[in-house]
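Working notes for the structure below.
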Amino acid sequence: MNDIIVSPSILAGDFANMEKSVRALGDWGADYVHCDVMDGVYVKNLTFGMPMIAAIKKISPLPLDVHLMITEPERYVAEFVRCGADIVTFHPDASKRPAETLDEIRALGAKAGIVINPNVSFDEYKHLLVKCDVLLVMSVYAGLGGQKFIPETLDTVRAAVKYIKENALDVIIEIDGGVGESNAAIVREAGVRMIVAGSAVYKSDDPARTVRVLRGER
Ligand code: DX5
Ligand code: ZN
Numbered sequence: 007m008n009d010i011i012v013s014p015s016i017l018a019g020d021f022a023n024m025e026k027s028v029r030a031l032g033d034w035g036a037d038y039v040h041c042d043v044m045d046g047v048y049v050k051n052l053t054f055g056m057p058m059i060a061a062i063k064k065i066s067p068l069p070l071d072v073h074l075m076i077t078e079p080e081r082y083v084a085e086f087v088r089c090g091a092d093i094v095t096f097h098p099d100a101s102k103r104p105a106e107t108l109d110e111i112r113a114l115g116a117k118a119g120i121v122i123n124p125n126v127s128f129d130e131y132k133h134l135l136v137k138c139d140v141l142l143v144m145s146v147y148a149g150l151g152g153q154k155f156i157p158e159t160l161d162t163v164r165a166a167v168k169y170i171k172e173n174a175l176d177v178i179i180e181i182d183g184g185v186g187e188s189n190a191a192i193v194r195e196a197g198v199r200m201i202v203a204g205s206a207v208y209k210s211d212d213p214a215r216t217v218r219v220l221r222g223e224r
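7 is the number of the first residue of the sequence shown in my numbering; add one for each residue after it.
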């Protein structure tokens, strides 16, 4: 299966009209709703938590891809799955027991993954991929939408592609931050299967076209 999965981030949506921002993603042909949960501790910003995920779940035409930028994610993952997260990813450097946390997410029936920030070593955490469905490679520093893509992060994608292949793992690589129509092709060529895009989709003059371009369709 070579299809590209597109997961627009509602961080770039309209917070005063979240239902409209979420429903639009279905109309635009996206595959997932990417939800950025920030705690003001692991990252500077604060966004939203479980009640928002539960509310979005009720009205979303698409499954939810929940990206936790929070300290000690192990304290909250079960609740996020209960609120409707279909994928839960977290930063292993923020966790005291990342392996157990991945197991817990999967045992609850959701897909699990770790997130690698640009300053975090993939080598240090690659042993966890055996417990992952998704590896999220940050192409900006987690914490803010609308940042500029860091091309060097594609080295992590390439290292991960190699590791996944060598170990015959079933993990898809997701990328997040500064991805849009102009750089989606290099991202896909590096081996990314799942593309997060906030501003590129919500600020597009034709979001449905942007989703198609991200996917590599015309
Ligand atoms: C950054 C978030 C991203 C962000 C992406 O911390 O994890 O998901 O919303 O936004 P863009 O695509 O605008 O860089
Ligand atoms: Zn994100």
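Every residue, glycine too, gets a C-beta built ideally from N, C-alpha and C.
Straight-line gap, residue i to residue j (C-alpha atoms, nearest Å)
i	j	result
Val-217	Val-12	7 Å
Gln-153	Val-28	22 Å
Cys-89	Val-143	25 Å
Ala-100	Tyr-48	7 Å
Ala-30	Val-72	18 Å
Pro-235	Cys-138	One cannot answer for residue 235 here, as it falls past the ends of the chain, which runs 7 to 224.
Phe-86	Leu-108	13 Å
Ala-174	Val-140	14 Å
Phe-155	Val-146	6 Å
Asp-182	Ala-203	7 Å
Met-58	Glu-187	29 Å
Lys-64	Gly-55	15 Å
Ala-196	Glu-25	34 Å
Ala-61	Leu-68	13 Å
Asn-23	Tyr-208	13 Å
Leu-17	Cys-41	7 Å
Asn-123	Glu-158	12 Å
Glu-110	Asp-212	39 Å
In DSSP terms, what residue i is bridged to
i	result
Phe-96	Leu-74, Ile-120
Ser-15	His-40
Met-200	Ile-11, Glu-180
Leu-114	Its beta-bridge partners do not exist; DSSP assigns none.
Asp-45	Leu-52
Nearest-angstrom beta carbon gap, residue j and residue i [assumed within contact, 8 Å]
i	j	result
Val-151	Ser-66	The sequence given here has Gly at residue 151, not Val. With a Cβ gap of about 19 Å, Gly-151 and Ser-66 do not count as contacting.
Arg-194	Ile-179	Not really, about 10 Å apart at Cβ, beyond 8 Å.
Thr-53	Val-39	Not really, about 14 Å apart at Cβ, beyond 8 Å.
Val-219	Ile-201	The pair is not a contact, with the Cβ atoms about 10 Å apart (cut-off 8 Å).
Leu-70	Ala-84	15 Å between Cβ atoms; not a contact.
is_contact[residue i, chain B] using C-beta, thresh 8 Å
i	result
Leu-150	Given the protein chain composition of this structure (a single chain), no chain B is represented.
Boundaries (first-last residue) of the beta strand (DSSP E) holding residue i
i	result
Ser-205	Unbroken run through Ser-205 is the alpha helix (DSSP H), 205-208; no beta strand (DSSP E).
Run of the alpha helix (DSSP H) containing residue i, from where it starts to where it stops
i	result
Leu-141	Run containing Leu-141: none in the alpha helix (DSSP H); it sits in the beta strand (DSSP E), 140-144.
Arg-88	83-88
Asp-161	160-172
Ser-27	24-33
Val-219	213-221
Open item on the list: So if I measure from each beta-carbon to every heavy atom of the ligand ZN and keep distances below 6 Å, which residues remain?
Closed with: Ser-15, His-40, Asp-42, His-73, Asp-182, Val-202
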